[in-house]
Amino acid sequence: MNKLVNDIIDISVAIPTYNGASRLPKILDSLFNQTGLETLNWEIIVVDNNSSDTTQEVVHNYQKLYINRCPLKYFMETQQGAAFARLRAVHESRGKLVAFLDDDNLPAPDWLAKAYNFGFEHPKAGAWSGQIHGDFEVKPPEKFEKIQAFLAIREHGSQPHLFDPDNLRLPPGAALVIRKQAWCENVPQRPTLSGKLPGVLVQGDDYEPLLYIHSGGWEIWYNPAMHTYHQIPYWRLEKDYLLTLARGCGLCTFQLRLINSPSWQKPIILLKTILGNLRRLLKHLVKYKAKSESDIITLFEMEFYWGSMLSPFYSFKSYFNRLMVNNVTMRHE
């Protein structure tokens, strides 16, 4: 039986979604069939990131279907971008912990219980994630394991360990649990990186809040007891999508490295980002020249290095665009 609605919520599950009407039923069914939650007070929050399909109707149908289970809440976030959907989810959540799941993530039956228990056992953890396995509609290309982390597939072994934020070794935003206190005390209300948008390539929106949480002195952990299955449709393995993804992941590199860096280090980071990735790109061209036109994995890696090399210029462009927008806004006020 549910506890009173005014009781403290132990953990909130947040699902940011965009046109996810066809995907939401699977994840909601999976969540309502979670085990080991008898002593926990929890809720599910769906943040609709300005969808144009029947997402709202799907959620409302599930609210009626599971009316006697945990609360299922729906919110519309009209500001486009996964970063804004996550911010809204944290704002609306009542849990001490917030567990993010993308609408194409299917958690194992004990995922939520394992997530909560890990947070209870590690009070200095500000964020933690587990194993994310790929569930592919079609067979991935050969040597796909070299780039699978870019599609939020993470399998880092059977032992818990700390991530390495200083070197951008972090979990993805999918299947991520955060401590609300750590988020609210450290993550800005206005993200620099908004996430995937039409015509906007840059990624990194999932790493940005983690870097701020880390800067606040919180730990970021890998918990192998948490298993999630990422549904990968055929089109996410096609060449155009993969190369766009690689470029977008590269373009955020410089901005991410600046977040926790003192001012005196920023010129050094600028040079290292440009020259280091130029070296990697040239080395890759020499090493894989024969494969560079046909091997999708090689092309992906080269596109990532290219995007990383250009990331300082993209950062400067974004900065000046924001200045222009702010100036226009001030003139109209």
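Under our numbering, think of the first position of the sequence shown as 41, with each following residue one higher. The beta carbon of each residue, even a glycine, is placed where N, CA and C say it ideally should be.
*So what's L202 in DSSP terms, helix, strand or just coil?*
strand
*asked:* Tell me the DSSP secondary structure of H100 in three-state form.
replied: helix
*Rounded C-beta distance between D246 and S234? I'm assuming under 8 Å.*
The beta-carbon distance between D246 and S234, rounded to whole angstroms, is 11 Å. This is too long to meet the 8 Å contact definition.
*H324 versus A165 - alpha carbon distance*: 38 Å
*Given D93, which residues of its chain have a CB within under 6 Å of its CB, disregarding the five upstream and five downstream residues?*
N59, A61
*asked:* If I measure Cβ to Cβ from H173 and keep anything under 8 Å in the same chain, skipping five residues before and after, which residues do I get?
replied: I193, E195, H267, T268, Y269, H270
_Nearest-angstrom Cα separation, counted from L112 out to Q199_ = Rounded to the nearest whole angstrom, the C-alpha separation of Q199 and L112 is 33 Å.
*Which stretch, first to last residue, makes up the alpha helix (DSSP H) that contains W223?*
220-226
*Which residues in the same chain have their Cβ closer than 7 Å to the Cβ of V178, if we skip the five residues on either side of it in sequence?*
Y274, L277
_Mapping the DSSP letters down to three states, classify K136 as helix, strand or coil._
strand
*How would you call V368, buried or exposed, if buried means at least 16 neighbouring beta carbons within 10 angstroms?*
The pLDDT assigned to V368 is 49, lower than 50, so where the model puts this residue is not dependable; a value taken from the coordinates is nonetheless given after this. With fewer than 16 other Cβ atoms within 10 Å, it is exposed.
*Report buried or exposed for Q229, applying the criterion of at least 16 other Cβ atoms within 10 angstroms of its Cβ.*
Q229 is exposed by the Cβ-count criterion.
*In this structure, does DSSP put L283 in helix, strand or coil?*
helix
*By a C-beta neighbour count over all protein chains shown, 10 Å radius and 16 as the cutoff for buried, is C292 buried or exposed?*
buried
*Write down the C-beta distance between I218 and L282 rounded to the nearest angstrom, noting that I regard them as a contact closer than 8 Å.*
I218 to L282, Cβ: 29 Å. No contact.
*Taking Cβ positions, are P147 and I67 nearer each other than 9 Å?*
yes
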